[in-house]
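Colleague:
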Ligand code: CDP
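Numbering (UniProt numbering), first residue to last: 1 to 805.
1. Suppose the cutoff is 7 angstroms on Cβ atoms and the five residues either side in sequence are ignored; what does the same chain contact list for residue 79 look like?
2. Cα separation between residue 410 and residue 479?
3. Give the list of continuous alpha helix (DSSP H) stretches no shorter than 4 residues that lie fully inside the stretch 145-198.
4. Taking 7 angstroms as the line, does the beta carbon of residue 436 fall inside it for any heavy atom of ligand 1?
5. Restricting to runs no shorter than 3 residues, where is the beta strand (DSSP E) found entirely within the stretch 650-703?
6. Looking only at its own chain, which residues have a Cβ that is under 7 angstroms from the Cβ of residue 619, when we skip the five neighbours before and after it?
7. Taking all protein chains shown into account, do 16 or more other C-beta atoms lie within 10 angstroms of the C-beta of residue 288, making it buried, or fewer, making it exposed?
8. For residue 784, collect the residues of the same chain with a Cβ closer than 6 angstroms to its Cβ; drop the 5 residues on either side in sequence, then sort them by chain order.
9. Flag residue 884 as yes when its Cβ comes closer than 7 angstroms to any non-hydrogen atom of ligand 1, and as no otherwise.
10. What residues in its chain sit with their C-beta under 7 angstroms from that of residue 534, if we drop five residues either side in the sequence?
11. Compute the beta-carbon to beta-carbon distance between residue 46 and residue 83, rounded to the nearest angstrom, for a pair I have assumed lies under 8 angstroms.
12. Could you give the residue range of the beta strand (DSSP E) that holds residue 28?
13. Please look up how many angstroms separate the CB atoms of residue 507 and residue 412, rounded, as I've assumed it's under 8 angstroms.
14. Indicate whether residue 129 and residue 67 have their beta-carbon atoms separated by less than 8 angstroms.
15. List the endpoints of the continuous beta strand (DSSP E) containing residue 472.
16. Is residue 657 near ligand 1, in the sense that its beta carbon is under 7 angstroms from a heavy atom of that ligand?
17. State the CB to CB distance for the pair residue 375 and residue 717, rounded to an integer number of angstroms; the pair is presumed to be in contact (CB under 8 angstroms).
18. Between residue 732 and residue 159, what straight-line distance do the alpha-carbon atoms span, to the nearest angstrom?
19. Does the distance between the C-beta of residue 173 and the nearest non-hydrogen atom of ligand 1 fall short of 7 angstroms?
20. Counting along the chain, where does the alpha helix (DSSP H) carrying residue 347 start and finish?
21. Would residue 630 be called buried (16 or more neighbouring beta carbons within 10 Å of its own) or exposed?
22. Which whole runs of the beta strand (DSSP E) in the stretch 25-107 are 3 residues long or more, in chain order?
23. Mind checking whether residue 369 and residue 215 have CB atoms under 8 angstroms apart?
24. Along the chain, which unbroken stretches of the beta strand (DSSP E) at least 3 residues long are found entirely within the stretch 498-558?
25. I need the boundaries of the beta strand (DSSP E) containing residue 741, first residue and last residue.
26. Which of the three DSSP states, helix, strand or coil, is assigned to residue 607?
27. Determine which residues share a DSSP beta bridge with residue 236 and list them.
28. I'd like to confirm the pairing. Which residues does DSSP put opposite residue 416 in its beta bridges?
29. Restricting to Cα atoms, I'd like to know which of 455, 282, 671 is closest to residue 773.
30. According to DSSP, simplified to helix, strand and coil, what is residue 381?
31. Considering only heavy atoms of ligand 1, does any lie closer than 7 angstroms to the CB of residue 364?
32. What are the start and end residues of the beta strand (DSSP E) that includes residue 615?
33. Please check the pair residue 644 and residue 706, which I expect to be a contact at CB under 8 angstroms, by giving their CB distance rounded to whole angstroms.
34. Kindly indicate which three-state DSSP category residue 588 falls into: helix, strand or coil?
35. Would you grab the beta carbon distance between residue 560 and residue 503 for me? Rounded to a whole angstrom, and I think it's under 8 angstroms.
36. Ignore the nearest five residues each way along the sequence and tell me which others in residue 398's own chain have a CB closer than 6 angstroms to its CB.
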């Protein structure tokens, strides 16, 4: 029997960094005690609902409210005319454009908000919506971004038709939003001209949607007595929403309280501002009552922020031995009716310039053209950091295309071109400084783990059997090595609507040695209450179980830019460590005073300060906390608390090696993921169990995107995928089984060495699944086929390759 608590016991007792501490959130969630927006019920609360356009492009000739106002329970019907005197009929977007709140003379996409009906209950509001009569005049529709740039294309944005300059330089067509160029065009073209081999391909990453289980919604409550507006909502960035509401409504910012309660998944969909928020605030101000708006599934899929829709034309140059000498990419980005992309201001195509990936490419050039079409606006990073998944898909497909051209094994081609460990920090040709990485180690570990050579031998045997008529199934081996860029970001080059992208944490230690920490971020399922307490536990030696974490209330949390793009750990996680270190510095002074030695004569030991050379003389953090409130310590203020606003010096660059083995039935197009191996390196690992959960979830979203999920439009601009019958959301039945693994390459600039992880599995898995499909058909000449790889499309590939006999 042990008679003394060892230092290891004391470490374990903290449940700090590195421990697979169980999620503290789940007690509430599994017992029905979650508190989502739709759970908020206030006295006299009214309900809002939208009249939406059935047309993708039409003039709105009239809106007749009469019959709707006669519906029992309907109190008001708002149109653009009603919002205009308040200056609220249009709102700014995150991308420097403006967007109609309610249709102002015309509509630009199917499902656009035309009128807002306010009623005493949800049913009356829906009846009111049915009774509003809108007269439309149809206009020609353009859903193809290439056609949108043709000289005779219909003018979509009549409100800005005479502009010659956009937010990012000159525009050359009414439907052209911007051109964004990065890298060295001349040097890249020279590399292409001189190369032994050039592979060229159009890589399309289709339009999809984050589709969180909880749709978007809010409750606006204006207290006419105090003049205070409280806004509960599904906000991934509550402070930014408060600032935006203040700027566009004129309500002083201290009179606005924004609260993000529990959020049922965000994945980027809940970053932007929607018409529902503005209309609910107006309706509450007008009626003096709280107003709730919660969209339904179809509304979510038709009108809120979509993702991707990038046409990426690539050229990659190499020597005949396979050394890449240059990369060229021109992207046509379909932004829909308004430019409402959620990217930092200086990056209209997000971090698409990470498209050189994990490879040491001496010269590169990227140009992106943003284009208006008659589709829903948005362009968010669906579980990816600002267009990184598009970039990763592009380069990981181009590597495969080059491997075909060189008749080379794609694993070997990657190996030849990886940035070497000794090249970090690495300056990429498109402007990034990668902080740390060890790609070769990760790659070899992954190839060994799956038994790569044996798999290739099995695949070759299967091919022979197929050709001999013994089987109708092929094997595809999907390879991916991705480099992520997360943690936006340094304030000097990352802002959203002018707000610098720092983040924050405030920690208060109570006298009895427990604590509360508040952050500028907001969890949407990532488990922040569990993991950020672990950072504090390790830094200041109080058990994670004694630390409460609060996020999402702008009246109490320090200002922060919110949670998306895996920025919470790189930015707010760093702020948390820095705030904890301020506390520890003060605790050191208190401990020294109590132990009657000089500050420099005590040293930190897991959960206490001890006298150097006399470890039996110590004060635990719990004792120090009490003393901070109980003793008058000369030269020190009472109390023990600290706040940190952290401006990261750089992004973090997590990476990963993924390998998928897929069985493909050429006659039915059916696929079966036989195995999926995911090695992630996110630097220091705070909670391995939560990291695993993040990878399972992200890879499943990646599976959905690669294998079936799509927001599709017909040529009239009708959204063909606005229900879960048509929009693929995998259930447990379709979800593959994952094997996770890791290496640890800490970030050199992050206080605890951590990089983000939440987005990595989506960034890495989409090309991995897609490469598996392509790889199966490579022996028959398939070079490139657009996602999603649903059964029909795969069947078509097999048919077009003549495999159906
Ligand atoms: O910004 P977001 O929370 O979506 O993404 P993240 O920073 O990648 O973190 C997702 C979850 O994984 C959080 O609970 C993190 O604390 C946890 N995590 C971790 O345990 N270790 C890391 N190195 C990175 C994230």
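The beta-carbon is built from N, C-alpha and C at its ideal position, and this holds for glycine as well.
Source: prediction; values computed, not measured.
Modeller: Taking the coordinates as given:
1. Locating residue 79 in the chain shown gives position 79, counting from the first residue. Only 63, 102, 115 meet the Cβ criterion.
2. Stepping through the chain shown from its first residue, residue 410 is reached at position 410. Stepping through the chain shown from its first residue, residue 479 is reached at position 479. Going by the C-alpha atoms only, they are around 8 angstroms apart.
3. DSSP runs (the alpha helix (DSSP H)) wholly in the stretch 145-198: 145-148, 185-194.
4. Sequence index remark: in the chain shown, residue 436 carries index 436 (1-based). It does not: the Cβ of residue 436 is nowhere closer than 7 angstroms to a heavy atom of ligand 1.
5. You should have 655-665, 671-681.
6. Translated into the one-based positions of the chain shown, residue 619 becomes position 619. Excluding residues up to 5 positions away in sequence, 591, 594, 595, 608, 609 lie with their Cβ nearer than 7 angstroms to the Cβ of residue 619 in the same chain.
7. Locating residue 288 in the chain shown gives position 288, counting from the first residue. Burial state of residue 288 is exposed, judged by a 10 Å Cβ sphere holding fewer than 16 other Cβ atoms.
8. If you number the chain shown from 1, residue 784 lands on position 784. Within the same chain, Cβ atoms closer than 6 angstroms to the Cβ of residue 784 are found at 201, the five residues on either side in sequence being excluded.
9. Here the chain covers residues 1 to 805 and nothing more, so residue 884 does not appear.
10. As a working note, residue 534 is residue 534 in the chain shown. Answer for residue 534: 15, 16, 17, 19, 21, 544, 686, 687, listed in chain order.
11. Sequence index remark: in the chain shown, residue 46 carries index 46 (1-based). Sequence index remark: in the chain shown, residue 83 carries index 83 (1-based). 17 angstroms between Cβ atoms; not a contact.
12. Here residue 28 refers to the residue found at position 28 of the chain shown. Segment 26-30 is the alpha helix (DSSP H) holding residue 28; no beta strand (DSSP E) there.
13. Here residue 507 is taken as the residue at index 507 of the chain shown, counted from 1. Here residue 412 is taken as the residue at index 412 of the chain shown, counted from 1. Contact doesn't hold; Cβ gap of about 50 angstroms is too wide.
14. Here residue 129 corresponds to residue number 129 of the chain shown, with the count starting at 1. Here residue 67 corresponds to residue number 67 of the chain shown, with the count starting at 1. Contact flag unset, no.
15. If you number the chain shown from 1, residue 472 lands on position 472. In this chain, residue 472 is not harboured by any beta strand (DSSP E), its DSSP state being neither H nor E.
16. Taking the chain shown and counting its residues from 1, the one referred to as residue 657 is at position 657. Outside the cutoff, so no.
17. To locate residue 375, count along the chain shown from 1; it is residue 375. To locate residue 717, count along the chain shown from 1; it is residue 717. Contact flag correct, Cβ pair sits at about 7 angstroms.
18. In the chain shown, counting from the first residue as 1, residue 732 sits at position 732. In the chain shown, counting from the first residue as 1, residue 159 sits at position 159. Distance between the alpha carbons of residue 732 and residue 159 is about 47 angstroms.
19. Here residue 173 is taken as the residue at index 173 of the chain shown, counted from 1. No, since every heavy atom of ligand 1 falls outside the 7 angstroms radius drawn around the Cβ of residue 173.
20. Translated into positions along the chain shown, residue 347 becomes position 347. Note, residue 347: premise wrong, no alpha helix (DSSP H); not H, not E.
21. Looking up residue 630 in the chain shown gives position 630. Exposed, since its Cβ has fewer than 16 Cβ neighbours within 10 Å.
22. Scanning the stretch 25-107 for uninterrupted beta strand (DSSP E) segments of 3 residues or longer gives 46-52, 58-64, 74-78, 90-92, 98-100, listed from N- to C-terminal end.
23. Residue numbering aside, residue 369 sits at position 369 when the chain shown is read from its first letter. Residue numbering aside, residue 215 sits at position 215 when the chain shown is read from its first letter. Contact flag unset, no.
24. Segments of the beta strand (DSSP E) lying fully in the stretch 498-558: 503-509, 515-519, 547-551.
25. As a working mapping, residue 741 is identified with position 741 in the chain shown. Where residue 741 is concerned, the enclosing beta strand (DSSP E) starts and stops at 739-742.
26. Numbered from its first residue, the chain shown carries residue 607 at position 607. DSSP places residue 607 in coil when its eight states are reduced to three.
27. Walking along the chain shown from the start, residue 236 turns up at place 236. DSSP, once it has assigned bridges, lists no residue as partnering residue 236.
28. To locate residue 416, count along the chain shown from 1; it is residue 416. As computed with DSSP, residue 416 is found in no beta bridge at all.
29. One-based indexing of the chain shown puts residue 773 at position 773. Closest option to residue 773, Cα to Cα, is 671.
30. For the purposes of this step, residue 381 is identified with residue 381 of the chain shown, where counting begins at 1. In the structure shown, residue 381 sits in coil (DSSP, three-state: anything other than H, G, I, E or B).
31. What you label residue 364 is simply residue 364 of the chain shown in a count that begins at 1. For residue 364, the shortest separation between its Cβ and any heavy atom of ligand 1 does not lie below 7 angstroms.
32. Looking up residue 615 in the chain shown gives position 615. Element bounds for residue 615: 614-620.
33. Translated into the one-based positions of the chain shown, residue 644 becomes position 644. Translated into the one-based positions of the chain shown, residue 706 becomes position 706. The Cβ separation is near 39 angstroms, so there is no contact.
34. If you number the chain shown from 1, residue 588 lands on position 588. If DSSP states are grouped into helix, strand and coil, residue 588 belongs with the helices.
35. One-based indexing of the chain shown puts residue 560 at position 560. One-based indexing of the chain shown puts residue 503 at position 503. About 4 angstroms separates the two Cβ atoms, so the contact holds.
36. Here the question's residue 398 lines up with position 398 in the chain shown. Within the same chain, residue 398 has close Cβ partners 314, 316.
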